[in-house]
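In what follows, a structure is listed as structure tokens, so that the remarks can point back to it.
Residue numbers (this note's numbering): 23 to 307.
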């Protein structure tokens with residue numbers, strides 16, 4: 023039987039076909055990965071980068087491989103390189119957000135995870151980065167929407183309120199306090215039903231019950247609510263059951279003060295009754 027001898031000292035190791043195939047497979051998997059994968063030394067010299075890295079940055083392979091990490095990082099990120107390198111040396115791993123320059127000069131936000139690995143007999147850094155562009159744009163759009171919504175609420179002449187399923191306020195707009203005369207810094211309102219006229223309480227309870235049973239359905243109800251001075255304000259309320267933040271079920275309300283209109287209608291009705299009686303009295307006379 024033929025004995026396979028170990029290679030003598032100094033002989034160059036030749037990888038088997040199986041080893042070479044495994045390496046090609048790893049290289050293919052890396053290039054097909056939907057994340058940026060790079061290997062660089064502690065001086066920032068690029069030793070390896072996958073195809074996604076080139077695509078994200080807009081450089082050709084040759085252009086990117088000629089770059090240094092200090093050139094790719096935007097100034098704000100570049101200033102943190104030394105401190106981050108020190109953290110990686112101490113802990114072996116680190117993760118953080120950075121911004122890189124693209125070939126066209128624009129910036130790309132990345133969430134990066136870095137760890138120390140062995141590369142050709144020396145310690146280098148393996149970096150896996152995820153493009154945060156879409157997330158950042160979504161966050162910016164959400165921030166813009168929130169600001170617009172906050173501005174809308176601040177400038178709205180209507181009452182805007184969010185209540186839990188029992189009628190306890192989770193949010194009350196500034197117009198709530200303006201219309202009903204309560205102090206914003208000392209609201210003292212435990213439940214919205216406390217402000218509803220006794221003759222309208224049952225109507226309010228039935229509306230809340232129906233909203234709880236039929237999420238998404240819009241309800242409209244007219245309620246009298248107590249002003250801080252003790253008088254009553256007529257409020258035309260539109261509400262529905264929905265979700266809000268961490269709350270799965272809340273009642274969102276839009277309320278419009280229609281007191282002046284109601285008083286005008288009542289005054290008109292009283293006037294009509296008075297003139298009708300005068301007319302009837304004149305006919306009888």
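All C-beta atoms, glycine included, are put in the ideal place defined by N, C-alpha and C.
ask   = How close, in whole Å, do the beta carbons of residue 135 and residue 150 come, if the pair is a contact with beta carbons under 8 Å?
value = 5 Å
key: Rounded separation between residue 177 and residue 167 - CA only   = 15 Å
request  = Assuming residue 213 and residue 190 form a contact by the criterion Cβ under 8 Å, report the distance between their Cβ atoms to the nearest whole angstrom.
outcome  = 5 Å
query = For residue 99, which residues of its own chain have a beta-carbon under 8 Å away from its beta-carbon, when the five flanking residues on both sides are left out?
reply = 120, 121, 122
Assigned exposure category for residue 71 - 16 Cβ within 10 Å defines buried = buried
message = Measuring CB atoms only, is the segment 272-281 touching the segment 219-226, in the sense that at least three cross pairs come out at less than 8 Å?
response = no
ask   = If you draw a straight line from the alpha carbon of residue 288 to that of residue 299, how long is it in whole angstroms?
value = 16 Å
message = Going by C-alpha to C-alpha distance, which of 221, 108, 148 sits closest to residue 57?
response = 148
request  = Return helix, strand or coil for residue 179, following the three-state DSSP convention.
outcome  = coil
inquiry  = For a test of the three-state rule: what should DSSP assign to residue 293, helix, strand or coil?
reply    = helix
Buried/exposed call for residue 297, threshold 16 Cβ in 10 Å = exposed
message = Let me make sure I understand the geometry here. Which of 115, 182, 144, 133 has the alpha-carbon closest to that of residue 158?
response = 133
task = May I have the straight-line CA-CA distance separating residue 75 from residue 144, to the nearest angstrom?
result = 23 Å
ask   = Exposed or buried, residue 303, counting other C-beta atoms within 10 Å across all chains shown (16 or more means buried)?
value = exposed
ask   = Pick from 111, 181, 261: whose alpha carbon is nearest that of residue 231?
value = 261
task = Just mark residue 247 as buried or exposed, buried being the case when its beta carbon has 16 or more other beta carbons within 10 Å.
result = buried
ask   = With 8 Å set as the bound, which would you pick, yes or no: does the beta-carbon of residue 95 sit closer than that to a beta-carbon of chain C?
value = No chain C is present in this structure, which holds just one protein chain.
ask   = Of all the options 142, 271, 256, 268, which has the alpha carbon lying nearest to the alpha carbon of residue 285?
value = 256
request  = Please name the residue, chosen from 229, 86, 250, that lies closest to residue 199 on a Cα-to-Cα basis.
outcome  = 250
query = When the Cβ atoms of the segment 102-117 are set against those of the segment 76-89, are three or more pairs found closer than 8 Å?
reply = no
ask   = Nearest-angstrom Cα distance between residue 180 and residue 154?
value = 39 Å
query = Where does the unbroken alpha helix (DSSP H) through residue 112 begin, and where does it stop?
reply = 103-113
inquiry  = Going by the DSSP bridge assignment, what does residue 269 pair with across the sheet?
reply    = 266
ask   = Would DSSP call residue 50 helix, strand or coil?
value = helix
Presumed contact (8 Å Cβ cut-off) between residue 272 and residue 192, rounded CB distance = 6 Å
inquiry  = Can you look up residue 248 in the DSSP assignment and give me helix, strand or coil?
reply    = strand
query = Alpha carbon to alpha carbon, what distance is there between residue 101 and residue 66?
reply = 13 Å
key: Three-way DSSP call (helix, strand, coil) for residue 81 in this model   = coil
ask   = What is the rounded straight-line gap between the Cα of residue 182 and the Cα of residue 172?
value = 11 Å
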